[in-house]
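K.L.:
Pasting a structure below so you can have a look.
Residue numbers (my numbering), protein chains in the order written: chain A, 1 to 624; chain B, 1001 to 1275.
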């Protein structure tokens, strides 16, 4: 599929109006056929002119420290460090390693504060603190939350944990069995532990908490188990719940009141979290909050995405199914909802809406807008006004057949009814497949290049005949879900550099498997990400040229971070160890012959065991 | 592979004591849910517990339990992980394992208070307004079959769901849908027959059970068998012989639990499983 560059004519017109310097118009070059190679662009070093988006002032870049998975509450995952750059990245070497002690999917982000590195393992969710002042970064202390083993049985997609976050002297993290925990960073002692989720009802917690102001924001997992989704704010000092807002149900429980000013008419009305469902289906309405939370302390708003509508098949729940598969903006202090936007009304393809909302400031049609950018499961990169939830644009970043587009006037996703799943009916070629064009794996934004770096999937799915199964002694029929590579050369993943303002890909690297790791971008104009085969890569943020790669011991689905060590050197780290939903065939020892295992993912990932085994190791790299 | 957690069972009858006193009794390792009545629980109170004991007795085998909840991925985590060799209570049509001949067939049923006029058909106009309960599987894209029938009739506005996994921290996680009929929270449940039969006995309000009549392209009837690993034909053959020879006892157990049964021809051919 050819990559289109910024249209030269459009630039010329825009530049005439805005008096910007001329940009070179490069000819279009098709992507090479082999996965793993990158498209060699020849763009200028920095995007020029007022069209480039900016990071808000509060989105403090990572520097000597990296205090939370997203680097800052705006989730930019950008570091000011430029010691490692395009000229020397090829000289990176392993500096130290650490075994996580359990070989399941490693989704954590290593955070670094005050010369100490913190990571959380998959279940049993041990928090480790490594002393970076000593050679080999030895273990300073560890904290074992003694999580209940039974919680592993109800986790849908491997027993992952997306990492800790630091604020005000404390390290915050969550456990699979439903606890939020605060640890004194200096001593490793528990400051408080608050039980938030009930795993005996299928409710777990896997997400990384977001500390903001004096609170920490946390949400639950388990939508397919009939759990009702919620987000809560806990007091950082005491661990007490300050507010808790459900994702379905009456306004009082969803915390929708007179502060709620949504942009689109379909969100205005009373108790829509009840009336957009038949009967009382909202009670098992899903809408869990297992992904990313961002915040704007100036607007005093938190932003988080909500998952899909629980265990009900879409035909059983006609209606928009509010407030699922969308994004909430809430007052940080009171939890009162300010606005909401729904990515996928009456979701029919498991397109959870929990992906990151990265906060950016942009010039849009001549006006300054406080915005957010969000690559969704449904295949569109959205730009929203983060003050009111208006959709400014929605551009496809992957193959899409399940919908025809987003109507900017109504804000609604326009479905392709030919690709609607129907019980007992074969529907082939639904794109994106259920894991979406992008799942939880977080993207990164560079204000230097103006680009969004998106690790993502290229997957479609067929829904074929019924399959008989049973759970808890009760027989049922399900649809055979088989996933496969989307259109193209068979690549199931892609790492793309995305021009936010123009809504198009600038360069990309195709990957054999979904690019399921997070990414980070620096002022040195380098981007880091990992592949499911286990390669940890550094790529030129402007051109997409591969600068260096290192084969870690197992597939990578974690989040890279970077900091300055006590020795003054810049370090980059990643935890390697495949698993999660996409890696289930390895982490869960699934039978390759059963393509419908792991909810259909196995068919698409049959060859993964040929390329990686289980693992669990933190790698930190530096120059010389 | 070693069993994770095992429990030894002595056979139930005096006859069994004699027959299992052999020095080299074989072992029959069964995976069962520790909290899944009426099928099984750790106190052996379920009918699959009782049937497994009869079958083990017939084979002269020592029955060993490996407790594993029947949740998402359980076939892979139990049978295919080799921690046990038999999964009782499996729908015959499941493709991931080899099944024996079925030992009973049952249907999804209408469950309602006995004093109400019987609902006997999915086309009954009352279904549009009665409060209906269905079981929710909690696996993406999976329905309990009566939901397919409701979907095609666009009967959705009066339907409530009851998760099959339920609250497993307490006993009887499958009972809430029956309690809901008894209490009047719902007027009608479309529920798997054995669950209705068993729990209807436990509530004080008399309840009526009516099989849901056949519906094109909807699997309301299931024949239930024991499952073994795909290649374990020898064990399947042994289990078949045991089930056949102790058929009357197995039927008697199912009677005690009020499992409402239907007759359904087995899909299995005799040649496939003869010893």
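Heads up, the beta-carbon is just placed ideally off N, CA and C, and yes, glycines get one too.
#1: When we look at the beta-carbon of residue 1171 of chain B and count the other beta-carbons within 10 Å, is it buried (16 or more) or exposed?
#2: Between residue 386 of chain A and the rest of its own chain, which residues show a CB-CB distance below 8 Å, the 5 nearest in sequence each way excluded?
#3: Starting from residue 113 of chain A, trace the beta strand (DSSP E) in both directions and tell me its first and last residue.
#4: Quick one: what's residue 570 of chain A bridged to in DSSP?
#5: Looking at the strands, I want to know which residues DSSP matches up with residue 530 of chain A.
#6: Kindly indicate if chain A contains any beta-carbon less than 8 Å away from that of residue 1217 of chain B.
#7: Runs of 3 residues minimum, wholly inside the stretch 425–493 of chain A: which ones carry the beta strand (DSSP E) assignment?
#8: Any beta carbon from chain B within less than 8 Å of residue 282 of chain A's own beta carbon?
#9: Between the C-alpha atoms of residue 231 of chain A and residue 247 of chain A, what's the straight-line distance to the nearest angstrom?
#10: Can you grab the Cα-Cα spacing for the pair residue 30 of chain A / residue 487 of chain A, in whole Å?
#11: Between the C-alpha atoms of residue 414 of chain A and residue 379 of chain A, what's the straight-line distance to the nearest angstrom?
#12: Check the Cβ-Cβ distances between residue 197 of chain A and every residue of chain B, and say whether any is below 8 Å.
#13: Sorted by chain position, which residues of the same chain lie with C-beta nearer than 6 Å to residue 1094 of chain B's C-beta, five sequence neighbours on each side aside?
#14: Mind checking residue 1153 of chain B: buried by the 16 CB within 10 Å criterion, or exposed?
#15: Using 8 Å as the cut-off, can you tell me whether the stretch 398–408 of chain A makes contact with the stretch 1123–1136 of chain B, which would need three or more C-beta pairs spanning the two stretches below that distance?
#16: Which residue marks the beginning of the alpha helix (DSSP H) containing residue 368 of chain A, and which one marks its end?
#17: Should the stretch 349–356 of chain A be regarded as contacting the stretch 320–328 of chain A, the criterion being three or more beta carbon pairs within less than 8 Å?
#18: Span of the alpha helix (DSSP H) holding residue 275 of chain A?
#19: Within the continuous beta strand (DSSP E) that includes residue 522 of chain A, where are the two ends?
#20: Going by the beta-carbon positions, is the gap between residue 561 of chain A and residue 112 of chain A smaller than 8 Å?
#21: Taking only beta-carbon positions, decide if residue 469 of chain A is within less than 8 Å of chain B.
#22: In three-state DSSP terms, what is residue 327 of chain A?
#23: So with CB distances below 7 Å, who are the chain B contacts of residue 590 of chain A?
#24: Pick out the complete beta strand (DSSP E) segments inside the stretch 1012–1087 of chain B, 3 residues or longer, and give them in chain order.
#25: Give a yes or no on whether the minimum CB-CB distance between residue 1067 of chain B and chain A is below 8 Å.
#26: Which residues of the stretch 525–546 of chain A have a Cβ closer than 9 Å to any Cβ of chain B? Give them in chain order.
#27: Touching or not, the stretch 303–320 of chain A and the stretch 1154–1164 of chain B, by the rule of three or more beta carbon pairs under 8 Å?
#28: Under 6 Å Cβ to Cβ from residue 548 of chain A, same chain only, skipping five residues before and after it: list those, please.
#29: Would you check if the distance between the CB atom of residue 153 of chain A and the CB atom of residue 1067 of chain B is smaller than 8 Å?
#30: Counting C-beta neighbours from all protein chains within 10 Å, is the total for residue 259 of chain A 16 or more, i.e. buried, or is it exposed?
#31: Please work out which residues of its chain come closer than 8 Å, Cβ to Cβ, to residue 140 of chain A, disregarding the five sequence neighbours upstream and downstream, and give them in chain order.
#32: Would residue 991 of chain B count as contacting chain A if we go by Cβ distances under 8 Å?
#33: For residue 1263 of chain B, count neighbouring Cβ atoms within 10 angstroms of its own Cβ and tell me buried if that reaches 16, exposed if not.
#34: Closest to residue 1138 of chain B by CA distance: which of A/526, A/417, A/309, A/611 is it?
#35: Which of the three DSSP states is assigned to residue 305 of chain A in this structure?
#36: Could you tell me whether the Cβ of residue 1110 of chain B comes closer than 8 Å to any Cβ of chain A?
P.N.:
Reading off the structure:
#1: Mapped onto the second chain, residue 1171 of chain B falls at position 171. Looking at its Cβ environment, which holds fewer than 16 other Cβ atoms inside 10 Å, residue 1171 of chain B is exposed.
#2: Start at 1 with the first residue of the first chain, and residue 386 of chain A comes out as number 386. These residues qualify, in order along the chain: 296, 299, 301, 303, 329, 357, 359, 370, 371, 372.
#3: Here the question's residue 113 of chain A lines up with position 113 in the first chain. Unbroken beta strand (DSSP E) run through residue 113 of chain A: 111–113.
#4: Sequence index remark: in the first chain, residue 570 of chain A carries index 570 (1-based). In DSSP, residue 570 of chain A forms a bridge with A/564.
#5: Position 530 of the first chain holds residue 530 of chain A. DSSP output for residue 530 of chain A lists A/536 as bridge partner(s).
#6: The count along the second chain starts at 1 and reaches residue 1217 of chain B at position 217. It does; some Cβ of chain A falls within 8 Å.
#7: 427–430, 451–457, 459–471, 474–485
#8: Working through the first chain from its first residue, we reach residue 282 of chain A at position 282. Chain B contact via Cβ: absent.
#9: Your numbering for residue 231 of chain A matches position 231 in the first chain. Your numbering for residue 247 of chain A matches position 247 in the first chain. Taking the straight line from one Cα to the other gives about 8 Å.
#10: Position 30 of the first chain, counting from 1, holds the residue named residue 30 of chain A. Position 487 of the first chain, counting from 1, holds the residue named residue 487 of chain A. Caution applies to residue 30 of chain A, whose pLDDT of 34 falls short of 50 and renders its modelled position unreliable; the model cannot decide the point.
#11: Along the first chain, one-based indexing puts residue 414 of chain A at 414. Along the first chain, one-based indexing puts residue 379 of chain A at 379. Residue 414 of chain A and residue 379 of chain A: Cα-Cα distance of roughly 13 Å.
#12: Sequence index remark: in the first chain, residue 197 of chain A carries index 197 (1-based). It does not; no Cβ of chain B falls within 8 Å.
#13: Residue mapping note: residue 1094 of chain B aligns to position 94 of the second chain, counting from 1. Taken in chain order, the list of residues that qualify is empty.
#14: Start at 1 with the first residue of the second chain, and residue 1153 of chain B comes out as number 153. Exposed.
#15: no
#16: Position 368 of the first chain, counting from 1, holds the residue named residue 368 of chain A. Per DSSP, residue 368 of chain A belongs to no alpha helix (DSSP H); it is in the beta strand (DSSP E), 367–375.
#17: yes
#18: Along the first chain, one-based indexing puts residue 275 of chain A at 275. Start and end: 272–275.
#19: Stepping through the first chain from its first residue, residue 522 of chain A is reached at position 522. Start and end: 519–522.
#20: What you label residue 561 of chain A is simply residue 561 of the first chain in a count that begins at 1. What you label residue 112 of chain A is simply residue 112 of the first chain in a count that begins at 1. A contact, by the Cβ cut-off of 8 Å.
#21: Within the first chain, the letter at position 469 stands for residue 469 of chain A. Chain B, which has a Cβ nearer than 8 Å to the Cβ of residue 469 of chain A, makes this yes.
#22: Taking the first chain and counting its residues from 1, the one referred to as residue 327 of chain A is at position 327. Looking at residue 327 of chain A - three-state DSSP - the assignment turns out to be strand.
#23: Sequence index remark: in the first chain, residue 590 of chain A carries index 590 (1-based). Result: 1076.
#24: 1026–1032, 1061–1067
#25: As a first step, residue 1067 of chain B must be located in the second chain, where it is residue number 67. Not closer than 8 Å to any Cβ of chain A, the Cβ of residue 1067 of chain B fails to qualify, so no.
#26: none
#27: yes
#28: Numbered from 1 along the first chain, position 548 holds the residue referred to as residue 548 of chain A. Result list for residue 548 of chain A: 89, 90, 92, 538, in chain order.
#29: Reading the first chain from its first residue, position 153 is the one you call residue 153 of chain A. Reading the second chain from its first residue, position 67 is the one you call residue 1067 of chain B. Contact: no.
#30: Looking up residue 259 of chain A in the first chain gives position 259. Exposed, by the Cβ-count rule.
#31: Translated into positions along the first chain, residue 140 of chain A becomes position 140. So the qualifying residues of the chain are 116, 129, 130, 131, 188.
#32: Examination of residue 991 of chain B is not possible in this model, given that chain B is present from 1001 through 1275 alone.
#33: Here residue 1263 of chain B corresponds to residue number 263 of the second chain, with the count starting at 1. By the 10 Å Cβ count, residue 1263 of chain B comes out exposed.
#34: Counting from one through the second chain, the residue named residue 1138 of chain B turns up at place 138. Nearest option by C-alpha distance: A/309.
#35: Position 305 of the first chain holds residue 305 of chain A. Here residue 305 of chain A sits in strand by DSSP.
#36: Here residue 1110 of chain B is taken as the residue at index 110 of the second chain, counted from 1. So, not an interface residue.
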